[in-house]
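**Student:** Residue numbers (the working numbering), protein chains in the order written: chain Z, 19 to 265; chain A, 19 to 265. Right, I'll just put the structure down here and ask away after.
There are 2 protein chains.
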Amino acid sequence: MKIDPDTNIDLSAQIASSIRDLIVSGALIVDERLPSEAELAEQFEVSRPTIREALKRLAAQSLIRTQRGAFGGAFVNRLSYDDARTQLATTATLLLSMNEVSFDTACEARFALERACAPLVAERREEAQLAKMKVELEKQGESGLSDEDFCASDVAFHLALIDGAQNPVLSYHLSGSIEAMQPLMNMITYTARSRAEIIGIHSSILSGMEKQDGDAVVHDLERLENYTKKLAHTVMAEKRASREKTT
Amino acid sequence: MKIDPDTNIDLSAQIASSIRDLIVSGALIVDERLPSEAELAEQFEVSRPTIREALKRLAAQSLIRTQRGAFGGAFVNRLSYDDARTQLATTATLLLSMNEVSFDTACEARFALERACAPLVAERREEAQLAKMKVELEKQGESGLSDEDFCASDVAFHLALIDGAQNPVLSYHLSGSIEAMQPLMNMITYTARSRAEIIGIHSSILSGMEKQDGDAVVHDLERLENYTKKLAHTVMAEKRASREKTT
DNA sequence: AGACTTTTAAATGTCTGACAAATGAAAATT
DNA sequence: AATTTTCATTTGTCAGACATTTAAAAGTCT
């Protein structure tokens, strides 16, 4: 193992990249221990701090974990769905906030993805999901509920929905996207939205699932998408009006 | 700014986390310069190597970039779709390889996601996408094409398809998932697959798009999913048979 | 005055060496 | 045999130094 010091890329980035390749390719398997920092430093012919920076890069991606003490070291980490989901939600959030994505575009993507699993969900839904959705639906009807809690319950409702597909890979992709977009939507629309309207649609989704009617669920999700977009347009129009008034 | 040294968590992880929060919350905006490593070390009351490890963690997530020299430093990075896609593909690949996801589950998720954008694609597709898909389709018919190149062209075909939705958020989620899963599928099925069969379905997808017939595209994607699953089952049955023969 | 070159200061990149803290194995003791 | 102590190993953190890069500032020449 050796690294090219002539390029202007960081040594730690190169080393991280070559170790990452070993993990992704399967040459290093889950729970396998990497050589100690001192040994890696020798192998790559760099100093220990450089190796450490490389390992921290990998740790930031949850590719390795480290343990102190004798027989400690860096171990290849089994990437959990939870870790992956957290990363995806962060990335998706930043992608939206930093790239001037229009509300309609984000909204369209979120609902297109959710509708993708509606047929599977309707077919496979089990009592556990239905019960969870019922609980959230009732919570959304409570009068003392804060906007934050309503939003959180909204997210929980939709996460329960997609889990109904019984497909962890699908859940991973969708939950990341929903967790990133729902707060954004909430922030924009909470002033104008009617909880009753949303609860009505949610309730209809639930009954569609009970009847295992995928088409009905798809249709309700379309209604929800349209309602959300309409709200956003209303809010934006109001903002524009009040801005023009002050100038 | 101060950090708790009494917990078991690395100082560099805590510092990275608190800077990450500033970025995600918008307190630090794109292209804003962070204090120099020496200043950060003073603010957080830790040494420079610890600060550096924290910054490398953030760099690994493409949240910051660094520049050497006077007036250099660490800057909040605008997360590009490309960076985000690369990260998602790596994460999704590892999620599949490390968590014993069945082929059917991965395959189902990949096609459910792709079908999600089929209606949008059919409606909005432009000449650029159609042309790109035509090019790939012709390439797939060339007799001298290696398995690797056929697979790469397959990926390119589907990426062009989803780009037809003209929704970068959707493209991000889908391209990551396709890039992760297609090589996996290829590895499993390349021995048994019939290129003619796949090309036939691709060709049908293309004509559906030309006619802006979303339902037809969805139907063809279902055919492709079923064919892929069937291939995988065949291959696995053969493997099982040869294993039993040797024992 | 304007264009070019040189200097310089500031910042990251890397290295050396050291000590602290954790941790499990092995040795010593009861 | 069970418990305690010792010990070696490894990561976590620190201090200080030098190399390298970079752009601004100063200096020089036409």
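We put the CB at the ideal spot given by N, CA and C, even for glycine. Every value quoted in this text rests on a predicted model; they were computed, and no experiment measured them.
1. Could you check where the beta strand (DSSP E) with residue 85(A) kicks off and where it finishes?
2. If contact means a Cβ-Cβ distance below 7 Å, which residues of the region 188-207 of chain Z contact chain A?
3. So which residues of chain A does residue 185(Z) contact, with C-beta pairs closer than 7 Å?
4. Would you say residue 81(A) and residue 41(A) are within 9 Å of each other, going by their C-beta atoms?
5. To the nearest angstrom, how far is it from the Cα of residue 37(Z) to the Cα of residue 111(A)?
6. Report the option in 163(Z), 140(Z) and 186(Z) whose CA atom is closest to the CA atom of residue 222(Z).
7. Excluding the five sequence neighbours on either side, which residues of its own chain have a C-beta within less than 7 Å of the C-beta of residue 121(A), listed in chain order?
8. Does residue 61(Z) get closer than 9 Å to chain A when you measure Cβ to Cβ?
9. When burial is assigned at 16 or more other CB atoms within 10 Å of the CB, is residue 30(Z) buried or exposed?
10. To test your reading of the DSSP string, which unbroken beta strand (DSSP E) runs of 3 or more residues are found completely within the region 59-123 of chain Z?
11. Given that residue 230(A) touches chain Z, what residues does it touch there, using C-beta distances under 7 Å?
12. Express the C-alpha separation of residue 135(Z) and residue 176(Z) in angstroms, rounding to a whole number.
13. Take residue 10(A) and list the residues in its own chain whose beta-carbon comes closer than 7 Å to its own, dropping the five residues that flank it on each side.
14. Would you verify that the beta carbon of residue 67(Z) is, or is not, closer than 9 Å to some beta carbon of chain A?
15. If you measure between the beta carbons of residue 234(A) and residue 79(Z), is that distance less than 9 Å?
16. Are any of the Cβ atoms in chain A nearer than 9 Å to that of residue 87(Z)?
17. DSSP three-state call for residue 213(Z): helix, strand or coil?
18. Buried or exposed for residue 185(Z), going by 16 or more other Cβ atoms inside 10 Å?
19. Measuring straight from C-alpha to C-alpha, what distance separates residue 105(Z) and residue 262(A)?
20. Buried or exposed: residue 70(Z), going by 16 or more other Cβ atoms within 10 Å of its Cβ?
21. Please state whether the Cβ-Cβ distance between residue 74(A) and residue 72(Z) is less than 9 Å.
22. Please list the partners that residue 135(Z) has in chain A, where partner means a Cβ-to-Cβ separation under 7 Å.
23. Please work out which residues of its chain come closer than 8 Å, Cβ to Cβ, to residue 245(Z), disregarding the five sequence neighbours upstream and downstream, and give them in chain order.
24. Which whole-angstrom value describes the C-beta separation of residue 171(A) and residue 180(A), a residue pair presumed to lie in contact below a C-beta threshold of 8 Å?
25. Got a sec: is the Cβ-Cβ distance from residue 105(A) to anything in chain Z below 9 Å?
26. With residue 289(A) and residue 96(A) assumed to form a contact (beta carbons below 8 Å), what rounded beta-carbon distance in angstroms separates them?
27. Cβ of residue 119(Z) within 9 Å of Cβ of residue 48(Z)?
28. Show which residues of chain A have a CB atom less than 7 Å away from the CB atom of residue 112(Z).
29. If you measure from the beta carbon of residue 38(Z) to each beta carbon in chain A, is any gap under 9 Å?
**Tutor:** Straight from the coordinates:
1. 82-85
2. 188, 190, 191 and 195
3. 123, 126 and 127
4. yes
5. 16 Å
6. 140(Z)
7. 206 and 250
8. no
9. buried
10. 82-85 and 91-94
11. What residue 230(A) touches in chain Z: nothing, since even the nearest Cβ is about 17 Å away.
12. 11 Å
13. This structure does not reach residue 10(A), given that chain A is present from 19 up to 265, and the question cannot be answered.
14. yes
15. no
16. no
17. helix
18. buried
19. 42 Å
20. buried
21. yes
22. 130
23. 215, 216 and 219
24. Not a contact, Cβ separation roughly 15 Å.
25. yes
26. The structure shown does not extend to residue 289(A), since chain A is modelled only from 19 through 265, so no value can be given for it.
27. no
28. 42 and 97
29. yes
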